[in-house]
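Enquirer: Residue numbers (my numbering), protein chains in the order written: chain E, 1 to 115; chain L, 1001 to 1378. Have a look at this one.
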Amino acid sequence: MKYVLLFVGTMEDQERFEKMPPEAMEAGMKLAQQWFEDYGRSGKIVGGEQLQGPQTATTVRFENGKPIVTDGPFIESKEIIGGFAIVDVKDLDEALDMAKAWRAGPVEVWPAVER
Amino acid sequence: MVRLIGNFDIAEEVVQDSLVAALERWPEQGIPDNPGAWLMTTARRRAIDILRRDRRYAEKVALLERSTLPDDPAEADDRLRLIFTCCHPALSQEAQVALTLRAVAGFTTQEIAAAFLVAEPTMAQRIVRAKRKIVAANIPYRLPSGPDLPARLDAVLSVLYLMFNEGYLSRGPSVSARRDIAEDALWLASLVDRLLPNQAEVLGLMALMRLHLARSKARFDAAGQMVLLPDQDRALWDPEAIAEGVHTLEAAALLRRPGPYQLQAAIAAVHAEALSWDGTDWDQVVRLYDRLLRLVDSPVVRLNRAVALSHVAGAEAALGEVNDLAMALGDYHLFHATRAELLDDLGEHSLAREARQRALELCQNPAERALLERKLAG
């Protein structure tokens, strides 16, 4: 069964990360890479991306039938999605084990609709 | 199914439960060769569970002793798996409690709603949503694996303790309903013990529940009014239940893995073995609270410790410690009730009155409210 893991961070975390010295930043990124490598080898990851920061996002919505393009995410909030992974595992506990192994922040675990 | 059981409501619930069970297990285990028969067997087992639950606690225990649990490991596994599934952390704690009461202890939705003073449709929805989440998120129907077990067992014990407290102090109207849920929580804890033996905190929780239940006849007087521990007629305490509770606690201690439930049980045991409130070994109680605080530093535990402290170091010292908890416990009626008692001890009767009134404003439990009102009137 597929689950989408959303890797959550806060604006504060993001800013702190960007201000880190390069070695610390590299170490942090290695953790994330390691996670993807380890679980990738087990075949449990079927997709995923790291997302660039919220300041790079753009939102499209409709008002009065007309598309409106605005700068930034849909909801301006302190919590940001730093990335996501699509995993294919036996059950929720397996997805949760993977989420527990992610050391860079909270993870939301969403079951995908089965088709 | 109705033919077999003779009760349509039970039959309906049983069939539904069997369908949910099917939904849970068939994706994982494959559809059985004879799905109809599987459903019937599952439903029949559920019905037996529910009918058993309708008998009195003593009979239930007797049934458990005579049950096929030791001879049928598959069924024992089943029940344990069910308990752990109902108490999965992906469900909210209120959902865990409601679902465990419904699916494991066999209470009806109506009974659970009444016990928790929640409207029945609300409780029904809570239970249905929990079942749906189990299916939708694919919460597995199995025992947690080795490294996960301690934390998951903790969650089960929390649910059982919450259940016990709700039953024991229930805001619901009838005394018998209260005791049933509390006794069933004990029954479930003993079931977990049978299925997962030698877990010190499971035994600790059982001891705690037994020692509390030992006092239940003294909690309410002839007029149906609540009597607090200091004023209870200790002749009404059940010495056999106390002995059993102490024995269970000793068994837990032998496992050399202390924990919060064992410590709370030890405190209850000190009270249970005292001939009177004044004759209680308060030093020992304070020391036990100190050990408990090292494991669980909560303001409520500190509050309870302060009550014991007043008997060792005087009301003023105790009041000082209680006042320090004002920020944390300002909305807790027992904080104000405790302050009131200590203020009375110090002769500050009008301040005590104010505190008691504040407690009344914050208190939901009808029996406790009545008690506070009596104290304010008398």
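The C-beta atom is built at its ideal place from N, Cα and C for all residues, glycine as well. Computed from a prediction, not measured in an experiment: that's the story for all the values here.
Report the residues of the segment 1136-1168 of chain L with a CB closer than 7 angstroms to any CB of chain E, ordered along the chain.
Expert: Those residues of the segment 1136-1168 of chain L that come within reach of chain E (Cβ to Cβ, closer than 7 angstroms) are A1136, A1137, N1138, I1139, P1140.
Enquirer: Please go through the same chain and pick out, in chain order, the residues whose beta-carbon is closer than 7 angstroms to the beta-carbon of L/L1208, but skip the five residues on each side of it.
Expert: Answer for L/L1208: Y1261, Q1264, A1265, A1268, listed in chain order.
Enquirer: Mind pulling the chain E residues with CB within less than 8 angstroms of L/A1090?
Expert: Per Cβ cutoff of 8 angstroms: L92, L96.
Enquirer: Count the other CB atoms, across all protein chains shown, that sit within 10 Å of the CB of E/W110; report buried if there are 16 or more and exposed otherwise.
Expert: E/W110 comes out exposed.
Enquirer: By DSSP, does L/I1112 sit in helix, in strand, or in coil?
Expert: Helix at L/I1112.
Enquirer: Please report how far the alpha carbon of L/H1336 lies from the alpha carbon of L/G1314, in whole angstroms.
Expert: Those two C-alpha atoms are separated by around 18 angstroms.
Enquirer: Measure from the C-beta of E/M25 to each C-beta in chain L and report whether the shortest distance is under 8 angstroms.
Expert: No, its Cβ sits nowhere closer than 8 angstroms to a Cβ of chain L.
Enquirer: Using three-state DSSP, classify L/L964 as helix, strand or coil.
Expert: What the structure shows of chain L is the stretch from 1001 to 1378, and residue 964 of chain L is not part of that stretch, so it cannot be assessed.
Enquirer: Is any beta-carbon of chain L found at less than 8 angstroms from that of E/P21?
Expert: So, not an interface residue.
Enquirer: Going along chain L in order, which residues have a C-beta closer than 8 angstroms to the C-beta of E/P111?
Expert: Neighbours of E/P111 on chain L, chain order: A1136, A1137, N1138.
Enquirer: My output table needs one value for E/K123: the three-state DSSP class, helix, strand or coil.
Expert: As shown, chain E starts at 1 and ends at 115. That puts residue 123 of chain E outside it, with no answer to give.
Enquirer: Check the Cβ-Cβ distances between E/M29 and every residue of chain C, and say whether any is below 8 angstroms.
Expert: Of the protein chains in this structure, namely E and L, none is chain C.
Enquirer: So is E/M11 in contact with chain L if we call contact Cβ pairs under 8 angstroms?
Expert: Chain L, which has no Cβ nearer than 8 angstroms to the Cβ of E/M11, makes this no.
Enquirer: Going along the chain, which residues of its own chain have a beta-carbon closer than 7 angstroms to the beta-carbon of L/T1109, five neighbours each way excluded?
Expert: Taken in chain order, the residues that qualify are R1102, E1120, M1123, A1124, I1127.
Enquirer: Identify every run of the beta strand (DSSP E) within the segment 12-44 of chain E, keeping only runs that are complete inside it and at least 3 residues long; order them along the chain.
Expert: Fully enclosed beta strand (DSSP E) runs of 3 or longer: not present.
Enquirer: Whose CA, out of L/A1243, L/L1293, L/G1204, L/N1304, lies closest to the CA of L/L1229?
Expert: The option with the nearest alpha carbon to L/L1229 is L/N1304.
Enquirer: Pull up the CB-CB distance for L/A1200 and L/A1252, whole angstroms please, since I reckon it's below 8 angstroms.
Expert: Confirmed, Cβ separation roughly 5 angstroms.
Enquirer: Pick helix, strand or coil for L/R1339, following the three-state DSSP scheme.
Expert: It is helical.
Enquirer: Tell me the DSSP bridge mates of E/E79?
Expert: Answer by DSSP bridge pairing, in chain order: E/T10.
Enquirer: L/V1135: which of L/H1088, L/L1143, L/R1194 sits nearest, CA to CA?
Expert: Here the closest residue by C-alpha is L/H1088.
Enquirer: Around the C-beta of L/H1349, are 16 or more other C-beta atoms found within 10 angstroms, so that it is buried, or is it exposed?
Expert: Per the 10 Å Cβ criterion, exposed.
Enquirer: Please classify L/R1358 as buried or exposed, where buried requires at least 16 neighbouring CB atoms within 10 angstroms.
Expert: It is buried - the Cβ of L/R1358 has at least 16 other Cβ atoms within 10 Å.
Enquirer: Let's test the definition: count the other Cβ atoms within 10 Å of the Cβ of L/Q1232 and tell me whether it reaches 16, buried, or not, exposed.
Expert: Buried, because 16 or more other Cβ atoms sit within 10 Å of the Cβ of L/Q1232.
Enquirer: Residue range of the beta strand (DSSP E) that E/P195 falls in?
Expert: Given that chain E is displayed from residue 1 to residue 115, the structure contains no residue 195 of chain E and the question cannot be resolved.
Enquirer: Looking only at its chain, what residues have a beta carbon closer than 6 angstroms to the beta carbon of L/F1107, apart from the 5 residues adjacent to it on each side?
Expert: Only L1101 meet the Cβ criterion.
Enquirer: Write down the C-beta distance between L/A1130 and L/L1160 rounded to the nearest angstrom, noting that I regard them as a contact closer than 8 angstroms.
Expert: At roughly 17 angstroms, the Cβ-Cβ gap does not stay under 8 angstroms, so L/A1130 and L/L1160 are not in contact.
Enquirer: Please report how far the alpha carbon of E/Y3 lies from the alpha carbon of L/R1257, in whole angstroms.
Expert: So the two alpha carbons sit approximately 38 angstroms from each other.
Enquirer: Run the CB neighbour count on L/P1173, radius 10 Å, all protein chains shown included, and call it buried at 16 or more, exposed below.
Expert: Low confidence applies to L/P1173: its pLDDT is 48, below 50, so where it sits in the model is not reliable, and the reading given next is rough at best. By the neighbour-count rule (16 or more Cβ atoms within 10 Å), L/P1173 is not buried but exposed.
Enquirer: With a threshold of 16 other CB atoms inside 10 Å of the CB of L/S1145, please say whether the residue is buried or exposed.
Expert: Exposed, by the Cβ-count rule.
Enquirer: For the 8 angstroms Cβ check, are there 3 or more pairs between the segment 1287-1300 of chain L and the segment 1234-1243 of chain L?
Expert: Too few Cβ pairs lie closer than 8 angstroms, so no.
Enquirer: Please report the straight-line C-alpha distance between L/E1065 and L/R1339, rounded to a whole angstrom.
Expert: Unreliable positioning characterises L/E1065 in this predicted model, as indicated by a pLDDT of 45, which lies under 50. A coordinate reading is not provided.
Enquirer: Start and end of the alpha helix (DSSP H) containing L/N1198?
Expert: Looking at the DSSP string, L/N1198 is not in any alpha helix (DSSP H), and its letter there is neither H nor E.
Enquirer: Based on Cα-Cα distance, which residue from E/K100, E/G105, E/G47, E/I80 lies nearest to E/A112?
Expert: The candidate whose alpha carbon is nearest that of E/A112 is E/G47.
Enquirer: Cutting at 8 angstroms between CB atoms, please list the residues of its own chain near L/L1221, excluding the five before and the five after it.
Expert: Correcting the residue identity first, residue 1221 of chain L is Asp in this sequence and not Leu. Same-chain partners within the cutoff: V1227.
Enquirer: Do the CB positions of L/L1079 and L/L1195 come within less than 8 angstroms of each other?
Expert: Sequence check: residue 1079 of chain L is Arg here, not Leu. Going by C-beta atoms, L/R1079 is nearer than 8 angstroms to L/L1195.
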